[in-house]
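Colleague:
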Amino acid sequence: MFKREGWIWYDHYGFDDVNVFMLARKEFYLDNSPKNPVEINITADTRYKLYINGEYVCYGPARGYLESYPVDTIDISKFLCKGKNVIAAIVHQYGHGTFISIYGGAAGLIIEGKVGKVDIGTHQNNGWLIKKSRGHKQNMIRRTVQLGYQENLDARENEIDWMMPEAKIEAEKNGWCYPLWRKAGCAPWFGFEERGIPMPKEEKTEFKQVSCSFYGKNSGSWKDARNLTSVYIEEKKTTRKSVVYLKNPNNMLKSDETFTTVMPFTSDRHITLIIDAGMETVGFLGIEAEGSGGEVIDFTTAEILDNDGHLCVQDPGAACKVAISDRYILREGRQLFETFHIHGFRYLAMTVRNVRKPLKIRKLYVRDATYSFNNETVFETSDKTLNKIWDMCVRTQKSCSLDSYVDCPWREQAQWWGDARVQAANTYYAFGDMRLFKRGIRQAGQSQIFNGLTYGHFPTMAVGCILPDFTMTWIHTHLDYYRYTGDASLMKEHYDRIEKAVNFFNNYVEKSYLLGNMPEYWLFLDWAPLYKDGFSCILNMMYLSTLRTVAHISNVLKKHEKEKQYIKMADSLEKKILKVFWDKDKGVFWDGYDTVKNIPVKQLSQHTHSWAILLGINKKHHKSWAEEILYPPMKLEPFAQKKIIEASPFFYYYVIEALKKVGGYENKLISFIRDRWGYMVNNGATTCWEMWNPEPGYISLCHAWSAHPIVHLIELIGGIKPVSQDWTRIKKLPITHDINSVKLFIPTISGDIRVDIKNGKVKVKTSTDIKIT
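Heads up: the sequence shown begins at 1 in this note's numbering, then just goes up one per residue.
(1) Mind pulling the beta strand (DSSP E) runs of 3 or more residues that sit fully within the region 138-193?
(2) State yes or no: is the C-beta of GLY456 within less than 8 Å of the C-beta of PHE437?
(3) If you measure between the beta carbons of SER133 and THR46, is that distance less than 8 Å?
(4) Is it the case that the Cβ atoms of GLN413 and VAL406 are separated by a distance below 8 Å?
(5) Can you give me the Cβ contacts of SER267 inside the same chain, cut-off strictly under 7 Å, excluding the 5 residues immediately before and after it?
(6) With contact counted as at least three CB pairs below 8 Å, one residue from each stretch, are the region 724-744 and the region 758-765 in contact?
(7) Which two residues bound the contiguous beta strand (DSSP E) that contains MET350?
(8) Under 6 Å Cβ to Cβ from LYS236, same chain only, skipping five residues before and after it: list those, please.
(9) Pick helix, strand or coil for ASP653, following the three-state DSSP scheme.
(10) Identify which residue in THR144, THR73, ARG143, ALA171 has its Cα closest to the Cα of TYR10.
(11) Is the beta carbon of TYR365 closer than 8 Å to that of ASP276?
(12) Verify whether the separation of the beta carbon atoms of ILE553 and LEU467 is less than 8 Å.
(13) Thinking C-alpha only, which one of TRP677, ASN85, PRO179 is nearest ASN126?
(14) Going by DSSP, what residue range makes up the beta strand (DSSP E) through HIS92?
(15) Is ARG4 buried or exposed, if buried means 16 or more other CB atoms sit within 10 Å of its CB?
(16) Mind pulling the beta strand (DSSP E) runs of 3 or more residues that sit fully within the region 572-621?
(17) Classify GLY718 as buried or exposed, calling it buried when 16 or more other Cβ atoms lie within 10 Å of its own Cβ.
(18) What are the boundary residues of the beta strand (DSSP E) that includes SER671?
(19) Please report the Cβ distance between LEU659 and ALA626, rounded to the nearest whole angstrom; I am assuming they are in contact, meaning their Cβ atoms lie under 8 Å.
(20) Could you check if PHE190 is buried or exposed, using at least 16 other CB atoms within 10 Å of its CB as the buried criterion?
(21) DSSP state of HIS136, grouped into three classes?
(22) Hey, quick one: how far does the beta strand (DSSP E) through MET22 stretch, first residue to last?
(23) Between the region 383-393 and the region 71-78, do three or more beta carbon pairs fall short of 8 Å?
(24) Are the region 445-465 and the region 518-535 in contact at 8 Å, needing three or more beta carbon pairs?
(25) Can you round the beta-carbon distance between GLN150 and GLY697 to whole angstroms, since I take them to be within the 8 Å contact cut?
(26) Please tell me whether ALA647 and HIS607 are closer than 8 Å, where the distance is taken between their beta carbons.
(27) Could you pull out every residue in the same chain whose Cβ sits closer than 8 Å to the Cβ of GLU493, ignoring the five residues on either side in sequence?
(28) Verify whether the separation of the beta carbon atoms of LEU578 and LEU539 is less than 8 Å.
(29) When DSSP builds the beta bridges, which residues end up paired with LYS758?
(30) Consult DSSP for SER399 and reduce its assignment to one of helix, strand or coil.
(31) Given a cut-off of 8 Å on the beta-carbon distance, is the pair ASP726 and THR485 in contact?
(32) I'd like to know whether the C-beta atoms of GLY108 and PRO188 end up nearer to each other than 8 Å.
(33) Three or more C-beta pairs under 8 Å: does that hold for the region 317-336 against the region 280-290?
(34) Let me know if LYS363 comes out buried or exposed under the rule of 16 or more other beta-carbons within 10 Å of its beta-carbon.
(35) For THR43, which of GLU574, ALA89, TRP590, CYS81 has the nearest alpha-carbon?
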């Protein structure tokens, strides 16, 4: 890969890299249109959009590490024609690290490929022309603490047809020049790797309706603002609902040739349309419009509206500094614009200004940027609420599957690994595609620092995001992946890294007796107010589980001496946990131990006792813990039980798994899911909330760590559970519910599974390769 090619850029590496866009193009001629696939390899730092003869092709690359930079392989044959062709790309460089990327001190684009005998790669003196985009305003604010920048493009500043064959683009004119060139293999991209996952869907989806429109006076800072979200917040205070100056506002949402017209209005005013996508939507905003030039359109997105019908957006200077807005300034004539970066939202505020002649908006759409799942489990019952919950959870997992698992598509789009373990279970049951999981496990290993810990999300250099508990989760996910697929390659590949991580924790235990507070890192555990200052019971139980997991991994890899070593370490740790946290008289584990006062911290949590059950500690107490600690908060409104620390939606994955293990709670768990997740559905949610009582504008309303009813409903309602890799053996579970009708179809990689329950009678049909036990 890339034997002759090199990276191209418009300036000295690292000199002008902060929030910059580069335009790149190459002309070439073909005697005939290709009849066979024409594959090229392409990547860019940080991201690119590829076009052939003005047609959009794709967006990439997938997130990854500089030393093995991801490369997309794309078939461009359908975009090529006889005669003159142009391959073009827009490249955006953030100029610093984010929660989804690492900056290595340089930017660039690299392409390898031939069309017949015509080489279109970025090797030296091959006819590529590039320039810095003059239309993109560089001095803009970050979209969030975690992401890149707001986009502000003035289409009048770049050539109208620069992507097209008919354009007259020449070197040394209007900023175009031959590129600076650096050979593939140069720093910071010392190596390459295949993408390893499918390209995103890229399908165009339509908005549902224009909910309302507002008319008001412009903010005094609107024209030169760095933060477009601040402008939106300021202006919504003085606007009023109005349909003045609008003709046929919903026509731009249709797939026909009709259009919406914005009539001229005074230059000190604006019109804002609130447009509903109908559900959580993830992708690039697109608009096709026809204007006289100079019209300004701002796009701001959010997941919910406030009581006045505006977007619910909070102070962009607070918390994660959420400011998800973009701007497009029209040139004269008919044109198409798509935002360069992904929006995760339900509602769009489209603000239009400076309309001096009638502005035609022909199309408004979203280009889907989610992962391409090929198969999907079908879950249908006579219980309409459970059906809606299932649909909501599946939609959530789809929305949180991009080029990696992401916590949410709105605020961060980060591959948090505590979330990812739950998402992998969701994916296993709903889609059976484990490629995101495999890629993420490998990237977590690449994030490992000198002492063995890993970052909590990756790729990143976010200095506050090294999480000891997520390192433990990473170790667990090797065994999860093996159980899902039967593939032990990741365990083998990362065994030394796994041991390095365990050594970090073991050294800590040897010095301090147990794992305790690590102020130099972020100990997450859950958003619940768990004790973290001294010795944490839940943290030490997680480490106990980690040691047992490594022992299991060692067994699979036939490292039996290592297996004995880790079993011995686990047994020793379990004794310490019982000595420090166990209250024999009350029959409970206390959440913590104050190492300053040398006394137990007498608070109870679902978290600690869920892990104790899953670990099989003090089995004779499991039923009492389930009845007295795990289940009581579930009977009430969230957090109404004050004596027991209740789990967030994320950690309820483990609570429910523990209750399933105890047994006898099947119907109660179904009722709990129906109540808690049904509450989301009944309050208009189309995806699962991050927290039980989310504060709009701060807390995500699409968080896949909350979508685990996918896993539980298959088992609790469908009555089946995989007991071997690849679903080759499944176990029939007792059916305790009274739901009249259940139809379940699971397309696994080992074959299809069909479950049909009617009035208590259960029929299970499987492919010949799947056995029922």
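Note that the Cβ used here is the ideal one computed from N, Cα and C, for glycine as well.
Modeller: The answer reads as follows:
(1) 151-154, 180-183
(2) Taking the sequence shown and counting its residues from 1, one reaches residue 456 at position 456. Taking the sequence shown and counting its residues from 1, one reaches residue 437 at position 437. The answer is no: Cβ separation not under 8 Å.
(3) Position 133 of the sequence shown, counting from 1, holds the residue named residue 133. Position 46 of the sequence shown, counting from 1, holds the residue named residue 46. Not closer than 8 Å, so no.
(4) Translated into positions along the sequence shown, residue 413 becomes position 413. Translated into positions along the sequence shown, residue 406 becomes position 406. Cβ atoms of GLN413 and VAL406: closer than 8 Å.
(5) By 1-based counting over the sequence shown, the position of residue 267 is 267. Correct list, in chain order: ASN354.
(6) yes
(7) Position 350 of the sequence shown, counted from the start, is the residue given in the question as residue 350. 343-353 is the span of the beta strand (DSSP E), which, as asked, contains MET350.
(8) Locating residue 236 in the sequence shown gives position 236, counting from the first residue. The answer, listed in chain order, is HIS310.
(9) Within the sequence shown, the letter at position 653 stands for residue 653. In the sequence as displayed, the identity of residue 653 is Tyr instead of Asp. Three-state result, TYR653: helix.
(10) Start at 1 with the first residue of the sequence shown, and residue 10 comes out as number 10. Nearest C-alpha to TYR10: ALA171.
(11) The count along the sequence shown starts at 1 and reaches residue 276 at position 276. The count along the sequence shown starts at 1 and reaches residue 365 at position 365. Contact flag unset, no.
(12) Within the sequence shown, residue 553 is the residue found at index 553, counting from 1. Within the sequence shown, residue 467 is the residue found at index 467, counting from 1. No; because the gap between Cβ atoms is not below 8 Å, this pair is not in contact.
(13) Taking the sequence shown and counting its residues from 1, the one referred to as residue 126 is at position 126. Comparing Cα-Cα distances from ASN126 to each of TRP677, ASN85, PRO179, the minimum goes to PRO179.
(14) Sequence index remark: in the sequence shown, residue 92 carries index 92 (1-based). 83-93 is the span of the beta strand (DSSP E), which, as asked, contains HIS92.
(15) As a first step, residue 4 is located in the sequence shown; it is residue number 4 there, counting from the start. Label assigned to ARG4: exposed.
(16) 592-594, 599-601
(17) Walking along the sequence shown from the start, residue 718 turns up at place 718. Result: buried.
(18) The residue labelled residue 671 in the question sits at position 671 within the sequence shown. Not the beta strand (DSSP E): SER671 falls in the alpha helix (DSSP H), residues 666-682.
(19) Within the sequence shown, residue 659 is the residue found at index 659, counting from 1. Within the sequence shown, residue 626 is the residue found at index 626, counting from 1. That belief holds up - the Cβ atoms of LEU659 and ALA626 are roughly 6 Å apart, short of 8 Å.
(20) Along the sequence shown, one-based indexing puts residue 190 at 190. It counts as exposed.
(21) Residue 136 sits at position 136 when you count from the first residue of the sequence shown. Three-state DSSP puts HIS136 in a strand.
(22) Within the sequence shown, numbered from 1, the residue matching residue 22 stands at position 22. Per DSSP, MET22 belongs to the beta strand (DSSP E) from 20-30.
(23) no
(24) yes
(25) Within the sequence shown, residue 150 is the residue found at index 150, counting from 1. Within the sequence shown, residue 697 is the residue found at index 697, counting from 1. Their Cβ separation, rounded to whole angstroms, is 17 Å, which puts GLN150 and GLY697 out of contact at 8 Å.
(26) Along the sequence shown, read from residue 1 onward, the residue named residue 647 stands at position 647. Along the sequence shown, read from residue 1 onward, the residue named residue 607 stands at position 607. Closer than 8 Å, so yes.
(27) Translated into positions along the sequence shown, residue 493 becomes position 493. Only ARG442, GLY445 meet the Cβ criterion.
(28) Here residue 578 is taken as the residue at index 578 of the sequence shown, counted from 1. Here residue 539 is taken as the residue at index 539 of the sequence shown, counted from 1. No.
(29) Counting from 1 along the sequence shown, the entry for residue 758 is found at position 758. The partner list for LYS758 (beta bridge, DSSP) reads SER741, LYS761.
(30) To locate residue 399, count along the sequence shown from 1; it is residue 399. Three-state result, SER399: helix.
(31) The residue you call residue 726 lines up with position 726 of the sequence shown. The residue you call residue 485 lines up with position 485 of the sequence shown. Yes; because the gap between Cβ atoms is below 8 Å, this pair is in contact.
(32) Start at 1 with the first residue of the sequence shown, and residue 108 comes out as number 108. Start at 1 with the first residue of the sequence shown, and residue 188 comes out as number 188. No.
(33) yes
(34) Locating residue 363 in the sequence shown gives position 363, counting from the first residue. Its Cβ being crowded by 16 or more others within 10 Å, LYS363 is buried.
(35) Translated into positions along the sequence shown, residue 43 becomes position 43. Considering only alpha carbons, the answer is ALA89.
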